[in-house]
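Per our numbering, the sequence shown starts with residue 372, numbered consecutively.
No residue lacks a Cβ here, since even glycine has one placed at the ideal position from N, Cα and C.
What follows is a short report on a single structure.
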Amino acid sequence: MSNLIKRFKEDLQLAGYAKRSIQSYTSAVLKLQRFYNKPLEDITEEQLRQYWLCCQNEFGWSAATLRISYSGIQHFFTRTLVQSWNIFNDIKWKREQTLPTILSLKEVRKIIYALPTVQSHTFYLTLYSMGLRLREATTLQVKDILSDRGLVHIHGGKGGLDRTVPLPKITLLTLRKYYKIHRNPKWIFPALGRNGGKNAQYAKNHVSDSGVQGVLRTTLKRLKFKKHVHPHVFRHAYATHLLEANIPIRHVQKILGHKTLKSTMIYLHVTTQAQVDSNDKVSKVMQGVLS
372 MSNLIKRFKE DLQLAGYAKR SIQSYTSAVL KLQRFYNKPL EDITEEQLRQ YWLCCQNEFG
432 WSAATLRISY SGIQHFFTRT LVQSWNIFND IKWKREQTLP TILSLKEVRK IIYALPTVQS
492 HTFYLTLYSM GLRLREATTL QVKDILSDRG LVHIHGGKGG LDRTVPLPKI TLLTLRKYYK
552 IHRNPKWIFP ALGRNGGKNA QYAKNHVSDS GVQGVLRTTL KRLKFKKHVH PHVFRHAYAT
612 HLLEANIPIR HVQKILGHKT LKSTMIYLHV TTQAQVDSND KVSKVMQGVL S
């Protein structure tokens with residue numbers, strides 16, 4: 372690791388960035404360095420401009436990918452190298468306004484109960500029933516389960532924020548049943564290794580992101596599922612189902628750990644029940660006014 376990259380990581384740490392953000396930003400800077408194959412301090416503002424044009428026009432990067440690249444590189448050149456370049460004020464990639472993929476309750480149940488192992492079944496039931504992000508679920512620890520309060524303590528969520536989320540009874544019972552199988556003193560979902568989990572009690576690491584993603588892909592393929600589903604889709608489904616159950620949106624925002632209400636409000640656009648209820652209310656109002 373070069374001294375500049377090491378310094379960049381330290382600058383991000385001091386600024387309070389989460390571990391995954393630091394990894395993403397560092398990766399963005401290293402991609403730029405590999406593109407030109409020269410020291411970062413020798414890259415010019417015009418070369419940076421041409422790099423992003425190439426990423427957009429030739430590599431076909433999405434606006435989301437370009438924004439991550441921009442954030443990492445902008446932080447590096449303004450904080451670590453301290454360059455005053457106009458390009459960082461001139462570039463704007465608009466956020467793509469796309470609605471999330473939503474699963475019905477029936478679809479969630481179908482997928483979860485089709486998963487092939489006790490660990491995968493328990494993992495996705497936990498992921499969905501508490502609205503967790505993937506890394507929040509894979510890194511759950513035994514000490515995070517506050518069973519007497521019916522809560523789970525989520526450490527270091529997005530933005531480094533802690534929060535507590537409701538622990539449904541069915542999830543608690545399933546977790547207890549699964550714990551009797553592995554009995555790892557630290558991890559809720561320990562890495563099983565190549566021996567089928569026989570030494571899971573002594574595992575030092577938690578299950579990998581790629582491991583739980585892989586078993587989901589295999590299951591969806593076997594089910595011939597048509598929707599594009601990945602782990603985060605279960606979080607979308609959770610939020611939508613809570614809103615459809617008339618749980619106040621502010622409460623849903625708190626459970627999900629969204630900093631702003633705007634992030635939660637996107638689920639209002641995909642709640643079938645909310646739309647039906649609104650249509651009924653409009654009809655009743657018009658009936659009262661016009662009849």
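Go ahead and label residue i buried or exposed: buried means 16 or more other beta carbons lie within 10 angstroms of its beta carbon, across all protein chains shown.
i: G521; result: exposed
i: Y499; result: buried
i: F605; result: buried
i: I414; result: buried
i: S433; result: exposed
i: G502; result: buried
i: Q490; result: buried
i: V523; result: buried
i: I387; result: According to the sequence provided, residue 387 is Gly. The question's Ile does not apply to it. With fewer than 16 other Cβ atoms within 10 Å, it is exposed.
i: L476; result: exposed
i: V513; result: exposed
i: I482; result: buried
i: A435; result: exposed
Using beta carbons (cut-off 8 Å, strictly below), is residue i in contact with chain C?
i: N428; result: Annotation note: the requested chain C is absent from the structure, which comprises a single protein chain.
Relative to the C-alpha of residue i, which candidate in the options has its C-alpha closest?
i: Y396; options: N408, K380, G387 and A386; result: K380
i: R565; options: I552, G582, R554 and K557; result: G582
i: R450; options: V400, M636, Y609 and I620; result: V400
i: Y549; options: H629, K595 and Y495; result: Y495
i: G585; options: K575, V600, N576 and A574; result: V600
i: I439; options: L632, L403 and P410; result: L403
i: V536; options: P410, P471 and K625; result: K625
i: T488; options: D461, L375, P602 and T590; result: T590
i: L424; options: Y441, K409, E412 and L411; result: Y441
Does residue i come out as helix, strand or coil in the three-state DSSP assignment?
i: T472; result: coil
i: I525; result: strand
i: I516; result: strand
i: P602; result: helix
i: V623; result: helix
i: N374; result: helix
i: V453; result: coil
i: T611; result: helix
i: T493; result: helix
i: R504; result: coil
i: T535; result: strand
i: N460; result: helix
i: H629; result: coil
i: T488; result: coil
i: K595; result: coil
Counting only the same chain and skipping the five closest in sequence on each side, list residues whose C-beta sits under 8 Å from that of residue i.
i: N570; result: G564
i: S398; result: G443
i: S518; result: L538 and L543
i: Q445; result: F459
i: I393; result: K380, L383 and Q384
i: R391; result: R506
i: A610; result: G502, V623, L627, T635 and Y638
i: L697; result: Because the chain spans 372 through 662 in this model, residue 697 falls outside it and cannot be assessed.
Go through its chain and collect everything with a Cβ distance to residue i's Cβ below 7 Å, but skip five positions before and after it.
i: H553; result: P561, G568, A571 and Q572
i: Y407; result: I414 and Q418
Could you name the residues of the same chain whose beta carbon sits closer than 6 Å to that of residue i, not counting the 5 residues immediately before and after it, in chain order?
i: K592; result: none
i: V578; result: T509, F560 and A562
i: Q454; result: F448
**OP:** At 3 residues or longer, and completely inside the segment 376-406: list those beta strand (DSSP E) runs for me, N to C.
**Re:** none
Subject >> Contained alpha helix (DSSP H) runs [length at least 4] in the segment 414-442, N- to C-terminal order >> reply: 416-428
**OP:** Identify every run of the beta strand (DSSP E) within the segment 540-580, keeping only runs that are complete inside it and at least 3 residues long; order them along the chain.
**Re:** none
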